[in-house]
């Protein structure tokens with residue numbers, strides 16, 4: 134997932150598949166799942182870091198492109 138590395142330090146939206154929740158923040162880090170998808174993601178939100186469990190992560194998109 135080399136293409137995701139360029140988003141580290143940028144504002145992104147992370148969307149989960151199971152509950153369709155979206156999380157907005159600065160991408161701090163991520164890893165790869167055993168199945169080749171996106172693994173756990175850590176976002177920085179209001180100077181705090183939050184972990185998003187990687188099993189159901191569907192996509193990561195740039196925050197600026199995610200405005201509806």
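Residue numbers (our numbering): 134 to 201.
Even glycine gets a Cβ: it sits at the ideal position worked out from N, Cα and C.
Bear in mind that the values here come from a model prediction, so they are computed numbers and not experimental data.
Secondary-structure assignment with DSSP links residue 181 through a beta bridge to 178. DSSP places residue 173 in the strand class (E or B) of the three-state scheme. When rounded, the separation of the alpha-carbon atoms in residue 148 and residue 139 is 18 Å.
In the DSSP assignment, residue 158 is bridged to 145. Distance from the CA of residue 177 to the CA of residue 154, rounded to the nearest whole angstrom, comes to 17 Å.
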